[in-house]
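In our numbering, the protein residues as written are 91 to 225. Glycine included, C-beta positions come from ideal geometry on N, C-alpha and C. Here the structure is a predicted model, which means the values were calculated and not measured.
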C-alpha cells in the first residue's frame, strides 16, 4: 500500500471489518471511515473480552436482558460515553442519546454525535442495540 501524506493521516488506515479477502487481498479503510468502524468495534466488544486490554469495550452486553426503559436508556448513554472517551482518542464525544425505537419494541437506538479531532468534522452515528428483555 502506498504511503499517505496529508492532514488526515493521524486518523489512520486499517483493515475493513469484518475481515474478508476481496480478490485474494485484504481491503482497507482510512480516515473518518476508520474512526467510524473503530466506534462500532468498541461498542460491539464486551469489557474484559480482550485479555490484554480488559477495560476496552462498550459494555453493552451487560444490558442485553434489561427492559427498554428510561433508566436503561440513561445507563446505556453513560456507558457508551465512557467507552468512547476512554477508547477512541481521535474524537470528541458531543452527545450520546439512547431511545426506544417506535417501530421495534426491543430495539434501543443509540445516537452518537462526535467531532473528529484535527479535521473538526462532525458526524452522527446511530447504533442499533437489541434488548432481549428477561421476564
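With a cut-off of 8 Å on Cβ pairs, the region 137–150 is in contact with the region 169–183, counting three or more such pairs. Non-local beta-carbon contacts of residue 138 in its own chain, meaning distances under 7 Å to residues more than five positions away in sequence, involve 144 in chain order. Below 8 Å, enough C-beta pairs join the region 209–224 and the region 155–173 to call them touching: three or more. Under the 10 Å beta carbon count, residue 129 is surrounded by 16 or more other beta carbons and is classified as buried. Pairing residue 109 with residue 119, the inter-Cα distance amounts to about 11 Å. Residue 177 carries a helical assignment under DSSP once its states are collapsed to helix, strand and coil. For residue 196, DSSP assigns no beta-bridge partner whatsoever.
Looking at the backbone, the Cα of residue 201 and that of residue 189 are separated by about 8 Å.
A check of alpha carbon separations from residue 211 across 122, 127 and 114 identifies 122 as the nearest. Boundaries of the beta strand (DSSP E) harbouring residue 215: 211–220, taken from the DSSP string.
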